[in-house]
Amino acid sequence: MRIGWFFVAWVAFVMSACGGGGDMQTCIANQTVACLCLDGSAGLQQCNAEGTAFTTACQCSGATDTTTTDTTTDPDDTTGTDATDTGETCTPGEPAACALESWLEKALGGCKDLAGAILQHADLQDADLKCANLQGASLLGANLTGATLEGAILTNAYLTYTNLEDANLEGAILTNANLFFANLEDADLTNADLTNAVLAATNLEGAILTNANLTGATLEGA
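Residue numbers (my numbering): 775 to 996.
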């Protein structure tokens, strides 16, 4: 009889533990984290304010996110404009270029998925890297003079001694990036996110920093 009572009490405890805990914590609230794309590349997705779910599907470089794009067509539209056109905010990239052998060939060929790329001392002058994913990439001593890096993801990128003179970094994400002794003379960093970036001894002469986020950035000697 006592055994039966304990069994009933145990079942009631398990059911209450499973059903009364509220929403399960899935991710860290408001944090952007890395995710895996269908082609094996790295993407990003945003956690909601409660930490219970992600607000978007995995955002992958060089691909159209069909989960968020409105593909409806206005039957009265006679201009022939596709409703999936998202404007000129980001260039789509060249997926075929990502199959090239070296990181330099990929970058120059138009591949946007360059996370973890090894491009030390690479000559990328005037390169089009708009919206490229360069998260964790090593660009030590690289020449990016006049390069277009608008909207590029450079989180945790290694940009020590990198030449970014006259580069377009408008809206780029440079959180935790290392720009020690980098040259950003006349570079456009409008709306760039430089949270916790290392800018010690960085040349910022003539750089445009309008609305740039420098929270926690190291600026000694800059």
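Glycine included, C-beta positions come from ideal geometry on N, C-alpha and C.
Sheet register partners of residue i (DSSP bridge)
i: Asp900; result: Answer is none; Asp900 lacks a bridge partner.
Cut-off 7 Å between Cβ atoms - residues of its own chain near residue i, not counting five sequence neighbours on either side
i: Asn970; result: Thr949, Asn950, Gly990, Ala991
i: Ala996; result: Leu973, Ala974, Ala975, Thr976, Leu978
Proximity of residue i and residue j at Cβ, strictly below 8 Å
i: Gln899; j: Gly920; result: yes
i: Leu918; j: Ala906; result: no
i: Gln1000; j: Ala931; result: Any answer about residue 1000 is impossible in this case: the structure gives the chain only from 775 up to 996.
i: Thr934; j: Leu958; result: no
i: Ala911; j: Ala941; result: no
i: Asn804; j: Ala823; result: yes
i: Leu983; j: Ala956; result: no
Anticipated Cβ contact below 8 Å, residue i with residue j, distance rounded
i: Leu963; j: Leu943; result: 5 Å
i: Leu973; j: Asn987; result: Going by Cβ atoms, the distance from Leu973 to Asn987 rounds to 12 Å, so no, they are not a contact pair.
i: Leu923; j: Ala946; result: 5 Å
i: Ala916; j: Thr936; result: 5 Å
Same chain only: Cβ atoms within 6 Å of residue i, ignoring 5 sequence neighbours per side
i: Ala871; result: Lys880, Gly883, Gly884, Cys885
Spatial distance of residue i from residue j (CA atoms)
i: Gln894; j: Trp877; result: 10 Å
i: Phe828; j: Gln820; result: 6 Å
i: Asp960; j: Gln833; result: 31 Å
i: Ala889; j: Leu953; result: 17 Å
i: Asp897; j: Glu994; result: 28 Å
i: Thr867; j: Gly980; result: According to the sequence shown, residue 867 is Gly rather than Thr. Going from the Cα of Gly867 to the Cα of Gly980 covers about 30 Å.
i: Lys904; j: Leu818; result: 16 Å
Own chain residues within Cβ distance below 8 Å of residue i, not counting five before or after
i: Leu874; result: Lys880, Gly883, Cys885
i: Asn985; result: Thr964, Asn965
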